[in-house]
Amino acid sequence: MDLDSVCKSAEIKMSKSVDMLKSNLAKIRTGRAHTGILDHIKIDYYGSPSLITKIANVSLTDSRTISVTPYEKNMLSSIEKAIRESDLGLNPISMGGNSIKVPMPPLTEERRKDLVKISKSEGEESKIAIRNIRRECNEVVKKMLKEKEISENDERRVQDSIQKITDIKISEIDRIITQKESEIMVI
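Position 20 of the sequence shown, counted from 1, bears residue number 20 in full-length UniProt numbering, the numbering being contiguous throughout.
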């Protein structure tokens, strides 16, 4: 493994951690409706679990309402049940057998604070993952130095490079968490 691939590997792994954080935060509902909140819900579709986005059209009616229109009308009750049983605390309403309306209930102040704590916790887990990636990459570089594959100058240069990547990703996580907190706290 050469030094460039160590840096590239670190950056790719750290980017995946940030992407995972974004994915996890998208599941945390704010007071505002967005279609991504239902993305992780799975419905039993003829014996196999399928994502809601694969068997229905999910769209926004207004800033507080999501509309779900199944491609097959017989899936309406299954979709409604899956949304109701999800951990999102939503109460879907069937609209005449063609679609489902999912109103987003306003969040209480206490629930908002809980969601902010959950968001911060997710952010901390991502930061820990990024720091672990940095440590692993630095260990690879130290091993290369020990085996005399690289010079001390190369080791220092690569470790500095990995640290810069780490700092960029950590600040990106901080920015994402701050943005999510403001979304949650907006009434």
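Glycine is no exception: its CB is placed at the ideal position from the N, C-alpha and C atoms.
Own chain residues within Cβ distance below 7 Å of residue i, not counting five before or after
i    : result
S99  : S67, V68, T69
A129 : S17
Nonlocal neighbours in the same chain, by C-beta distance under 6 Å from residue i, ignoring five residues either side
i    : result
E11  : I165
I93  : K101
G123 : I173, I177
Y45  : I55
Cβ-Cβ separation, residue j to residue i (assumed contact under 8 Å), whole Å
i    : j    : result
I41  : I52  : 5 Å
Q159 : V141 : 6 Å
Range of the contiguous alpha helix (DSSP H) that encloses residue i
i    : result
M104 : Where M104 is concerned, there is no enclosing alpha helix (DSSP H), given that its DSSP letter is neither H nor E.
T178 : 152 to 185
S67  : Unbroken run through S67 is the beta strand (DSSP E), 65 to 70; no alpha helix (DSSP H).
Beta-carbon spacing of residue i, residue j below 9 Å
i    : j    : result
V6   : T35  : no
V186 : R64  : no
I43  : M14  : no
L3   : D154 : yes
L25  : S119 : yes
I184 : I28  : yes
Residue i Cβ short of 8 Å to the ligand GTP heavy atom set
i    : result
I130 : No copy of the ligand GTP appears in this structure; indeed no ligand is present at all.
Sequence-distant residues of the same chain with beta carbon closer than 8 Å to residue i, five excluded per side
i    : result
S126 : S17, V18, M20, L21, I173
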